[in-house]
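Some notes on the structure that comes next.
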Amino acid sequence: MIDNQRKAEEIVGSVDWQSANHGLCKCPGEATHTSHTRLRDTTVFVDGVPTIFCWHTSCMAYRDEANRKLRRAILHDNFGRPIQQQDNPAKLVIEKDPESEIIDRIKTIAESNKSRYLTHYNWDPADMFEESPIKLDDPAQDYHRFLTLWQPNDLIWIGDVKDSGRHPQNFCHRRWATTRPERCSSRGR
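Per my numbering, the very first residue in the sequence shown carries number 257; after that it's consecutive.
Here's what the structure looks like:
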């Protein structure tokens, strides 16, 4: 057990250490909680600014006093003098997920070029129909072509929230494939 963990346990009692820097503990003001106390409601952090965090607000006075004691114990030496911090403390670097960074960049570029894209890629529905590599001549075949977009076990919801009923078994691919297009409740909407 490292020194900071030992000092924290002297103040809050037994701690279930989740890592070298934080652990789950009993709230110093648990008796004042106005709602049910769960095991993970109170956490003690011993790195950076040592802190006892609790989700409950009714224990604030007790928690604040315990935080003062914890900080005094960890940030001061045995004679009560502040421990000198490093001149250049390590800065916290928050790295963003590379995939979400790429998505954010694409989103920014798309938003800034929206009008240009809409003008350049404007495609009239009639032109889409005429230029389609697959001719859509038979509505019954169009319906079955549409269903080929899904796997046999996929669920397909056609319509608004309650247009097709409530039960998931009504929406499996097989069910739609065996239903004639003219019998579908959403047809023609």
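Even for Gly, the Cβ is constructed at its ideal location relative to N, Cα and C. In this text the structure is predicted, and so the values were computed from the model without any measurement.
C-alpha distance - residue i paired with residue j, whole-angstrom precision
{"i": "proline 284", "j": "alanine 264", "result": "12 Å"}
{"i": "isoleucine 365", "j": "tyrosine 377", "result": "16 Å"}
{"i": "leucine 411", "j": "cysteine 428", "result": "4 Å"}
{"i": "arginine 327", "j": "proline 306", "result": "6 Å"}
{"i": "leucine 405", "j": "alanine 382", "result": "22 Å"}
{"i": "tyrosine 318", "j": "tryptophan 311", "result": "13 Å"}
{"i": "glutamine 261", "j": "arginine 372", "result": "59 Å"}
{"i": "alanine 287", "j": "threonine 293", "result": "10 Å"}
{"i": "aspartate 380", "j": "histidine 400", "result": "24 Å"}
{"i": "leucine 280", "j": "aspartate 272", "result": "5 Å"}
Residue environment, residue i, which counts as buried when at least 16 other CB atoms sit within 10 Å
{"i": "glycine 304", "result": "exposed"}
{"i": "isoleucine 267", "result": "buried"}
{"i": "threonine 375", "result": "exposed"}
{"i": "tryptophan 432", "result": "buried"}
{"i": "aspartate 297", "result": "buried"}
{"i": "isoleucine 308", "result": "buried"}
Contact under 8 Å by Cβ, residue i with residue j
{"i": "threonine 290", "j": "serine 314", "result": "yes"}
Start-to-end residues for the beta strand (DSSP E) that takes in residue i
{"i": "aspartate 272", "result": "271-273"}
{"i": "leucine 331", "result": "From DSSP, leucine 331 is part of no beta strand (DSSP E) but of the alpha helix (DSSP H) over 316-331."}
{"i": "isoleucine 308", "result": "307-310"}
Could you name each continuous alpha helix (DSSP H) segment of 4 residues or more that falls completely within the region 376-400, going from the start of the chain to the end?
381-387
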